[in-house]
């Protein structure tokens, strides 16, 4: 098993970054990750204005996966996510679904205990640890901040990216150059205040490759669905792209005309909001596995 | 039990419409409803261009509920929804999530049998009958087409408006002037092709009133959540309004500051897409019942 420390952190996805570790497909690897604030929030009294924003939203990596070349699919099996025993959530003026409102910057520590996040003395939420930022280098010549989601993955903030799921990412650069960070102890669809319970921890991963074909956008495989994960400048555009990708995949799967697949989309393609607060907004189209196979989602 | 035939149909919500029936709170009433195409699609070969669009998207009613006055809440208990044994779904050029694409208008009949919609010989979808259009008259002087969702309810197209749920609507006019139509045998979040399996049928309802307070937007009570159902010109705006309503309700419920309630929203308020295809787009904010009571959703 390989182990990568949280000191090996990047703040953009870029094919020029030097890999910090190399793994073969099927090899196990543990990534240690810092919380999304770079571990800088030490007490609830800390003024968020003194945060060093260049140290926020890091991802541990990049990891070079042997044999990965452009147009392959990097399969990321998320075997486990182990959050620490304390997370931090913050509201930041100007940010989130209600960023246009006036409010004070504030951070709050949240204890994680017996599978629950203790929000306050009376209110607790069942934890469901997830990886907020997970992706690969974009095509050579491009650079994407780790705060931003896109076709390469990145800060998708999809609550279903949990232990037991598989993520299929398009490979754009040799070795894929994978990185991950931004663990959340729990997050609802929307992530409306801009952060969630941000927590340091470890994740155990195993990579695999599908050679010579790749998805246009990241695909998440859960127990019962394939989800096409899209990001765009607004939710409407993201919903349109996710709808088109889903309809085209249904056409390939069933040999349907556009019109038939479009109809079927109304019955079985669930459009879900990922988050409404990142530099690009996210929507995923979930198709139950009884109606789609992975084959039809790759090209 | 009162019974209202599908001939008693309106195409706008308007406090000027004459009620076709009067009921007391707790009285049972069955509404018969035509399908959203007004029963005009008689064969799959029918050219959709010959549809009389003035007969589309009707709602049966309006029903005058005794004792309802502005600022009350009309409680609509959906006791049963009984769809016919055949529905119709259609794609219409220029409409739906992919309306900018070129395609042909097409209608397709879908048999409903043994709890499933038979989409084609190999593909079937479990039915979950729901009411697409359900609402009350808007304030006097306003008129809203039945095709459009809003604070009065209307064409919300929320897949969770099923048998066993309760809808809380703000009353704007004497008697509330309730109407419902647009049954779907099944619909996924998004309703991406603009129609779903449109079906005629009956729904059994029971009304109640909460006097002197009302929700700002329709509230749906399901087995485990309260959902605030919002519509706006785009998804981003709808998500913002739904987030604000949810955060303000959490403040009232828990006595939290805005900042605390905003944080909690990231953990437990699920922003869900209703539909992306109607004259206004819809988002609902679902809050688990363990974190909110109905009291905090009414003012």
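Protein chains in written order, with the working numbering: chain P, 1 to 299; chain A, 1001 to 1299. Backbone N, C-alpha and C fix where the C-beta goes; we use that ideal spot for every residue, glycine too. Note that this is a predicted model, so its numbers are computed, not measured.
Check                                                                                                                                                                                           : Outcome
Does the Cβ of residue 274 (chain P) have 16 or more other Cβ atoms within 10 Å, making it buried, or fewer, making it exposed?                                                                 : buried
What's the C-alpha gap between residue 279 (chain P) and residue 245 (chain P)?                                                                                                                 : 22 Å
For the region 1218-1291 of chain A, list the alpha helix (DSSP H) runs that are entirely contained and at least 4 residues long, ordered along the chain.                                      : 1235-1254, 1258-1268
Which term fits residue 113 (chain P), buried or exposed, when burial requires 16 or more other beta carbons within 10 angstroms of its beta carbon?                                            : exposed
What residues from the region 223-249 of chain P come within 9 Å of chain A, judged by C-beta to C-beta, listed N to C?                                                                         : 234, 235, 236, 238, 239, 240, 242, 243, 244, 246, 247
Looking at the unbroken beta strand (DSSP E) that takes in residue 1124 (chain A), where does it start and where does it end?                                                                   : 1124-1126
Please tell me whether residue 177 (chain P) and residue 75 (chain P) are closer than 9 Å, where the distance is taken between their beta carbons.                                              : no
Let's see if you can read the secondary structure: which residues bound the beta strand (DSSP E) around residue 131 (chain P)?                                                                  : 130-135
Classify residue 1071 (chain A) as buried or exposed, calling it buried when 16 or more other Cβ atoms lie within 10 Å of its own Cβ.                                                           : exposed
Figure out for me which residue from A:1097, A:1252, A:1100, A:1012 has the closest Cα to the Cα of residue 1140 (chain A).                                                                     : A:1012
Residue 189 (chain P) to residue 1156 (chain A), Cα distance in whole Å?                                                                                                                        : 20 Å
Locate the beta strand (DSSP E) running through residue 208 (chain P), then write down its first and last residues.                                                                             : 201-210
For residue 1125 (chain A), would you say it is in contact with chain P, using Cβ-to-Cβ distances shorter than 9 Å as the test?                                                                 : yes
Cutting at 7 Å between CB atoms, please list the residues of its own chain near residue 1239 (chain A), excluding the five before and the five after it.                                        : 1271, 1283
Is the region 1116-1135 of chain A touching the region 1251-1267 of chain A in the sense that three or more CB pairs, one from each, lie closer than 8 Å?                                       : no
Label residue 111 (chain P) either buried or exposed according to how many other C-beta atoms from any shown protein chain fall within 10 Å of its C-beta, with 16 as the threshold for buried. : exposed
Does DSSP put residue 295 (chain P) in a helix, a strand or coil?                                                                                                                               : helix
Can you name the start and end residues of the beta strand (DSSP E) that residue 11 (chain P) belongs to?                                                                                       : Where residue 11 (chain P) is concerned, there is no enclosing beta strand (DSSP E), given that its DSSP letter is neither H nor E.
What do you get for residue 291 (chain P), buried or exposed, if any count of 16 or more other CB atoms within 10 angstroms of its CB means buried?                                             : buried
Going along chain P in order, which residues have a C-beta closer than 7 Å to the C-beta of residue 1186 (chain A)?                                                                             : 267
Could you list which residues in chain P have their beta carbon closer than 7 Å to that of residue 1097 (chain A), in chain order?                                                              : 239, 240, 243
For residue 182 (chain P) and residue 1220 (chain A), I'd like the C-alpha separation in whole angstroms.                                                                                       : 33 Å
Could you tell me whether the Cβ of residue 1271 (chain A) comes closer than 9 Å to any Cβ of chain P?                                                                                          : yes
Looking at the secondary structure, which residues open and close the beta strand (DSSP E) in which residue 1091 (chain A) lies?                                                                : 1086-1091
On the criterion of 16 or more Cβ atoms from any shown chain inside 10 Å, does residue 1227 (chain A) qualify as buried, or is it exposed?                                                      : buried
Between the region 85-114 of chain P and chain A, which residues of the former have CB atoms less than 7 Å from a CB of the latter, in chain order?                                             : 89, 91, 96, 97, 98, 103, 104, 106, 108
Can residue 37 (chain P) and residue 51 (chain P) be called in contact, C-beta distance under 9 Å?                                                                                              : yes
Terminal residues of the continuous beta strand (DSSP E) containing residue 1178 (chain A)?                                                                                                     : 1178-1184
Run down chain A in chain order and give the residues with a C-beta less than 9 Å from the C-beta of residue 130 (chain P).                                                                     : The premise fails here: residue 130 (chain P) is roughly 12 Å from chain A at the closest Cβ pair, so nothing lies under 9 Å.
So that I know if they touch, is there some Cβ in chain A lying closer than 9 Å to that of residue 27 (chain P)?                                                                                : no
Using the Cβ count rule (16 or more neighbours within 10 Å means buried), how would you classify residue 263 (chain P)?                                                                         : buried
Start and end of the beta strand (DSSP E) containing residue 71 (chain P)?                                                                                                                      : Here residue 71 (chain P) belongs to no beta strand (DSSP E), and DSSP marks it neither H nor E.
Can you tell me whether DSSP reads residue 146 (chain P) as helix, strand or coil?                                                                                                              : coil
Could you tell me the boundaries of the beta strand (DSSP E) in which residue 50 (chain P) lies?                                                                                                : Neither: residue 50 (chain P) is in no beta strand (DSSP E) and is coded neither H nor E.
Taking the alpha-carbon positions, what's the residue 44 (chain P) to residue 14 (chain P) distance?                                                                                            : 34 Å
Please name the residue in P:57, P:33, P:194, P:30 whose C-alpha comes closest to that of residue 106 (chain P).                                                                                : P:194
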